[in-house]
Structure formats: structure tokens, C-alpha cells
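For the sequence shown, position 65 (counting from the first letter as 1) is numbered 71 according to my numbering, and the numbering increases by one without interruption.
Here's the structure, in C-alpha cells; my notes come after.
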Amino acid sequence: MSAIRGVKGMNDVLPDEMARWHALESAFRRKMHLASFGEVRTPLVESTSLFVRAIGEATDVVEKEMFTFSRHDEQMSLRPEGTAGAVRAYVEHGMQNKEPLTRWYYIGQMFRAERPQRGRYRQFWQAGAEIIGDPGPACDAEMIDTLVSFLDELQIPGIKVHINTIGGKETRQRYRDTVVAALTPKIDALSEDSKRRLTTNPLRILDSKNPADQEAVLSVPPITDVLAPEDAAHFDALKKHLEALGTPFVVDPKLVRGLDYYTRTLFEIKGAEEKLGAGSTLVGGGRYDGMLKDLGGPDVPAIGFAAGMERLLIASERDVPETRAQVFVLPLGEAGTRKGLVLSRALRNAGIAADLDGRGTSLKSLLRRANGQGARFAIVLGDSEVQSGNLQVKDLAAHEQHEVTEADLVAFIGAKLASGPAVLAEKGGAP
């Protein structure tokens, strides 16, 4: 019988990879907490109508990429992104009546039926955040600058901030008409996807990667030609705030996001192009000032972003030490195993990571595993140690052995660990 394999694009994360994941999550949480964001956790499954209304029925996400199913005549979908669920929670729990400004962040799994490729999966992890209640543009600049600082902390090379504006609803509709007018005479030269989008979501043609589409959109006037005065003022202020922060950026007139809910500010942060190639966008976000009202909530402005965590891990060059047991307890025999259980618990209760290997194999094999796992100490528990209460504690880094009473064990190891890594200065070498 053949072995069952995981679903393509839904990947396992094994323990030897988790140190980097934990470090990334911790860095993101720390950055968010410093900026006064609180964590929100929303369900993996939401009503399909939420995403249709929030994201847009004519978007690729809703049309092609959602995992949707029915249960008891209710149509539900695995969440393809985090903003819609966060906004639904904000509206449902009446947050506008509890606080004038809401800052939420999240870390969680998302699902899209895309073709798997490097850094893009069908089940993937996103870190994101929302600011609800502030019309900007100062908070737009603050969010972008905070993200640049976070990516710098991850030691991601080649960070570039791209910004654009898509204006409010009126500007967006005018520009939609402009794009359609400019591209309709060139419809035969467009890709099949863009021919369809010309009637459903024409702005998405602007960021098409198809060479024929890229040639055609050169004839499309920039959105600045149709920006409403208040939209232009918002964008100008955003640029001035970023300049005041010393955050480099480029204005990218062809930048559009694939979701219908965006208004005014759009941004993407790219990096590590040599590693990620065309998929070098690490963070994407923007304003969605009309979504809350569209979902039956108050007319409250908002801005948010999301970052694919798998791509951040590929892009990051920061070294993260692996999490290892500090002490290996090596029992020899049944009595040693019982004693090892008690000692391991005592060490863990004192905050010292301990691994008990009670397989009953040879001492040589046990010591080889302890060394291979990078443990600092190994405690050998044979019959004589159990009977006498005097334990052999091997300092594997310093190549030393100590005899320590059972009563003094936790204090001895704690003091050794507190003094730092073993250095063999007197022997002329490093551990």
C-alpha cells in the first residue's frame, strides 16, 4: 500500500525549522506591541459572502482561488486573507463604540487555490495589521516606516518601498473609465485574462506580467490626471511624511492591488530579489476606507497590510540559533530511568531545558546523541549513581566531568549556565 502524501502546496513545518519561525513571529509581535497594536484571532472559516462583499466578486481571489464548501445549506470558505475577517469582527463586536482608534495585528494561516511556487503556497502564513479609525495620511506613513524597520531587523537585503494612490471611489471610477477607454482599441493585443478583466476589473491589467499587456498599458494615462483634489492632497502629505521619517520610497504609477476594497494609499515593499525573483514583494497593503460601511458597519476609515511569512523566511539573512536541550539525562537501567524522570522534571521546573533518553541503549550511543544535539551537559545515571546520590555531570563543551550530589544538581547546572558558554582558555582552544 502506497504512503499517503500531503496535499500539494500545503506544507509541513518540521521541528528543525521552527526556531526561525518562532524568531520571525517574536520579532513581528514585538514590533507590533511597540506600536500599540493588540492581537486579534479570527476563524479560519467565514461565510463566503463576507469575501465576495469585501474583496470583490470580480477579483481573481473570489473567482478562482478560494476553497469554498457548503455545510447545512450554508456556503463557507477558508479565509484567503486576513483583513475581511478582522473588519467583520470589528463591526460585529461594535468596536467603534468602545474605542475611537483600533490597532489590531494577526498571525495566521490563509488558503488560496493558486499554483504552488517558491514562496507561494495553497496554505500559507500571513502576518498583518489593521488601523481602523484614522483617515491618515500620517498613520499611512507610520505603518510603512514601521514595516521597513521590521524588515531591516530581519536583515532582508535590497528593501524598496513602492507607493501609489488609487484615490477615493469617485477617482477610482473615473480612472477605471480612463483605462477602459485607453485599452479598448488595443483589446486584440491583450492577453485572454486581460480581455476578461477589461469588463470586470480593468485596473488589474496595469500590473499584468504578460509582455503584451505591459506594452499596451504604456498608453494608459497616469492616475494623477484624474485625481480628485482631496485625494491628491492626501498622497502629497503621505510623501512628505515619509520624507520626514527618512524612509526612501518610489512612486509607482502602475501599482494596483488585486482586491477591490482599496482606496487612496497603496504600497508594496520588495526585497531579496536575487532569492525571490519576480515574487520579491514581501509586504502589500493600503487603505480600504469604504469596507466597513459596505459590510454593514460604520463609515470608518482604515488601512492595513499583510506579509507572507514563508517569503520573509526565504528573504531573511538573520542567523537564528537552534533551540536545543541544555541537559541530556542518560539513564542506564530501570532504576536510572525512574531517577532520570524525577531529575528531568526538577530541571524543567527550574527553567532548564532537559531531554531524557530512556531507550536503554549503550552509554556510548547516548553520549554520541547528546553531543550531536549540542547539549551543554550530560548526566549519567547508572546503578551506582542512583544508590549513592552522587551524579556524574559531564560538561560536554568544556570536556570536564563533575561529581554533584542530587540535592545540588539544579543549582550547579543553573550557575554554570548563568556564567555563560564554556571557554577553554587554559587549554588554548574554544569549545
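Using N, Cα and C, we set each Cβ at its ideal position, and we do this for glycine too.
Note that this is a predicted model, so its numbers are computed, not measured.
Cutoff 6 Å; reference D305; Cβ partners in own chain excluding five residues on either side: K299
So L204 and I193 are supposed to be a Cβ contact under 8 Å. How far apart are they, rounded? 6 Å
Leaving out the 5 sequence neighbours to the left and right, which residues in its chain are closer than 7 Å to V257 when beta-carbon positions are compared? I169 and N170
Since N396 sits in a beta bridge, which residues does DSSP pair it with? T411
8 Å Cβ cutoff met for V167 and T253: yes
From the DSSP output, in three-state form, read off T253 for me. coil
List the DSSP bridge partners of N216. For N216, which the question treats as bridged, DSSP gives no partner whatsoever.
Taking just the CA atoms, how far does A33 sit from G142? 26 Å
Cα-Cα, which of L319, S322, T367 and I229 is closest to E340? T367
When the Cα atoms are used, what is the spatial distance from E328 to L30? 13 Å
Is it buried or exposed for E52, if we count other Cβ within 10 angstroms and need 16 for buried? buried
State the start and end residues of the unbroken beta strand (DSSP E) segment that holds Q132. Q129 to I138
Evaluate contact between the region 148-162 and the region 121-130, counting only Cβ atoms and requiring at least three cross-stretch pairs below 8 Å. no
What number of angstroms, rounded off, separates the C-alpha of V13 from the C-alpha of A119? 11 Å
State the CB to CB distance for the pair A312 and Q132, rounded to an integer number of angstroms; the pair is presumed to be in contact (CB under 8 Å). 5 Å
Going by other Cβ atoms of all chains shown within 10 Å of its Cβ, with 16 needed for buried, is T190 buried or exposed? exposed
Quick one: Cα of S425 to Cα of V154, how far? 36 Å
Could you pull the start and end residues of the alpha helix (DSSP H) that M38 belongs to? M24 to L40
Going straight from the alpha carbon of T230 to that of R180, what length do you get? 11 Å
In the DSSP assignment, find the alpha helix (DSSP H) that holds E279 and state where it starts and stops. E279 to L282
Contact under 8 Å by Cβ, L288 with L369: no
Distance between V46 and H405 (C-alpha atoms, nearest Å): 48 Å
Might you give, ordered along the chain, the residues of its own chain that have their beta carbon closer than 6 Å to the beta carbon of A376, omitting 5 neighbours on each side? F334 and A384
Within its chain, find whatever has a CB closer than 6 Å to the CB of M101; leave out the 5 residues flanking it on each side and keep chain order. T108
On a Cα-Cα basis, can you pick out the residue from E198, Q161, P163 and T206 that is closest to D183? T206
On the CB-based measure, 16 or more other CB atoms within 10 Å of its CB, does K345 come out buried or exposed? buried
Rounded to whole angstroms, what's the CA-CA distance from Q220 to R178? Just pull it up for me. 20 Å
Determine the extent of the alpha helix (DSSP H) in which A234 is found, giving its start and end residues. Unbroken run through A234: none, as it is neither H nor E.
Nearest CA to the CA of Y111: which residue from Q393, F273, F75 and T48? T48
Burial state of I10 (16 or more Cβ within 10 Å): exposed
Do A222 and L261 come within 8 Å of each other at the CB atom, strictly closer than that value? no
Which residue's Cα is closest to the Cα of R293: G285, D361 and E274? E274
Starting from G185, follow the alpha helix (DSSP H) in both directions and report where the run begins and ends. Here residue 185 turns out to be Val, not Gly, going by the sequence shown. Unbroken alpha helix (DSSP H) run through V185: K175 to L189.
In whole angstroms, what separates the C-alpha of L248 from that of A381? 47 Å
Specify, as a first and last residue, the run of the alpha helix (DSSP H) that R201 falls within. The amino acid at residue 201 is misidentified as Arg; the sequence shows Lys. Taken as a continuous stretch (DSSP letters only), the alpha helix (DSSP H) holding K201 covers E198 to T206.
Give a yes or no on whether the C-beta atoms belonging to G173 and A239 are separated by under 8 Å. no
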